[in-house]
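K.L.:
In the working numbering, the protein residues as written are 471 to 672. Each residue gets a CB set at the ideal place from its N, CA and C atoms; glycine is no exception.
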């Protein structure tokens, strides 16, 4: 049997992403990737690194090893004026905050992943709203989307129950309520006398 031929990995065209949510997700993922590579470079080579980046919304983000301030100060200073004391201080700071930097990167990566999941869920909910969330194919939903769908069904059920209770209260308070109540009760009794009515003892 001949194997199925595929096009292989396709090269992604480098152009501006038009969708704002997709653009935010891509920015968060790429920024985390840059931080991770910079941290690996610093760990492997003891390099001192500083990175500054602004989000599409203009929010600033920075990464530094051992810190952004120390790298900038070293860049601005004349290397010939740096004495041994400065090197000892920087070495101590590097050892002290290296673990914290790694933990911060891991935490940021975790937060970015959760943010990405949240944006995808938001987009999915928006899509469900546009075509009627009750018509959504359940087999295509993940666990978070199923929980959201269940929540919406419960809200709809509560709204219907409240509306029924409100209408029942309005009917009961009307002058014709006794006749309606008597008629309704008679209907129940007649239904119970019907041979086809389920026995409550079964």
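(1) State the Cα-Cα distance for the pair residue 481 and residue 504, rounded to the nearest angstrom.
(2) DSSP three-state call for residue 521: helix, strand or coil?
(3) Nearest by alpha-carbon distance to residue 525: which of 541, 569 and 499 is it?
(4) If you measure between the beta carbons of residue 536 and residue 574, is that distance less than 7 Å?
(5) Should residue 635 be labelled buried (16 or more other beta-carbon atoms within 10 Å of its own) or exposed?
(6) Counting only the same chain and skipping the five closest in sequence on each side, list residues whose C-beta sits under 7 Å from that of residue 517.
(7) Tell me the rounded alpha-carbon separation between residue 501 and residue 559.
(8) Nearest by alpha-carbon distance to residue 527: which of 534, 494 and 489 is it?
(9) Roughly how far, in whole angstroms, is the beta-carbon of residue 533 from the beta-carbon of residue 508, given that I think they are within contact range, below 8 Å?
(10) Express the C-alpha separation of residue 543 and residue 568 in angstroms, rounding to a whole number.
(11) Measure from the alpha carbon of residue 490 to the alpha carbon of each residue in 586, 539, 578 and 522, then state which is nearest.
(12) Provide the residue span of the alpha helix (DSSP H) that contains residue 502, from first to last.
(13) DSSP state of residue 537, grouped into three classes?
(14) So, is residue 623 buried or exposed, given that buried needs 16 or more other C-beta atoms within 10 angstroms?
(15) With a CB to CB cut of under 8 Å and the five nearest residues on each side skipped, what residues in its chain are close to residue 627?
(16) So residue 531 and residue 541 are in contact, right, with Cβ under 8 Å, and what is the actual spacing, rounded?
(17) Quick one: what's got a C-beta closer than 8 Å to residue 487's C-beta in the same chain, skipping five residues either side?
(18) Given this structure, state the Cα-to-Cα distance separating residue 590 from residue 529, to the nearest angstrom.
P.N.:
Short version:
(1) Working through the chain shown from its first residue, we reach residue 481 at position 11. Working through the chain shown from its first residue, we reach residue 504 at position 34. Their backbone Cα atoms lie some 20 Å apart in a straight line.
(2) For the purposes of this step, residue 521 is identified with residue 51 of the chain shown, where counting begins at 1. Three-state DSSP puts residue 521 in a strand.
(3) In the chain shown, counting from the first residue as 1, residue 525 sits at position 55. That would be 499, whose Cα lies nearest to the Cα of residue 525.
(4) Looking up residue 536 in the chain shown gives position 66. Looking up residue 574 in the chain shown gives position 104. No, they are not a contact pair.
(5) Counting from 1 along the chain shown, the entry for residue 635 is found at position 165. Exposed.
(6) Residue 517 sits at position 47 when you count from the first residue of the chain shown. Counting only Cβ-Cβ distances below 7 Å, and skipping sequence neighbours, we find 511.
(7) Walking along the chain shown from the start, residue 501 turns up at place 31. Walking along the chain shown from the start, residue 559 turns up at place 89. Answer to the nearest angstrom: the Cα atoms are 29 Å apart.
(8) Along the chain shown, read from residue 1 onward, the residue named residue 527 stands at position 57. That would be 494, whose Cα lies nearest to the Cα of residue 527.
(9) Locating residue 533 in the chain shown gives position 63, where the first residue counts as 1. Locating residue 508 in the chain shown gives position 38, where the first residue counts as 1. Indeed they touch by this definition, with Cβ atoms about 6 Å apart.
(10) The residue given as residue 568 occupies position 98 in the chain shown. The residue given as residue 543 occupies position 73 in the chain shown. Straight-line Cα distance between these residues: approximately 19 Å.
(11) By one-based count along the chain shown, residue 490 stands at place 20. Checked all of 586, 539, 578 and 522; the closest Cα to residue 490 is 586.
(12) Sequence index remark: in the chain shown, residue 502 carries index 32 (1-based). 490 to 515 is the extent of the alpha helix (DSSP H) around residue 502.
(13) In the chain shown, residue 537 corresponds to position 67, counting from 1. Residue 537 falls in the coil class under three-state DSSP.
(14) Looking up residue 623 in the chain shown gives position 153. Exposed, because fewer than 16 other Cβ atoms sit within 10 Å of the Cβ of residue 623.
(15) As a first step, residue 627 is located in the chain shown; it is residue number 157 there, counting from the start. No residues qualify anywhere along the chain.
(16) By one-based count along the chain shown, residue 531 stands at place 61. By one-based count along the chain shown, residue 541 stands at place 71. About 15 Å; that fails the 8 Å criterion.
(17) Counting from 1 along the chain shown, the entry for residue 487 is found at position 17. Once the five neighbours on either side are set aside, the close Cβ partners of residue 487 are 493 and 496.
(18) Residue numbering aside, residue 590 sits at position 120 when the chain shown is read from its first letter. Residue numbering aside, residue 529 sits at position 59 when the chain shown is read from its first letter. If I take the Cα positions, the gap works out to 21 Å.
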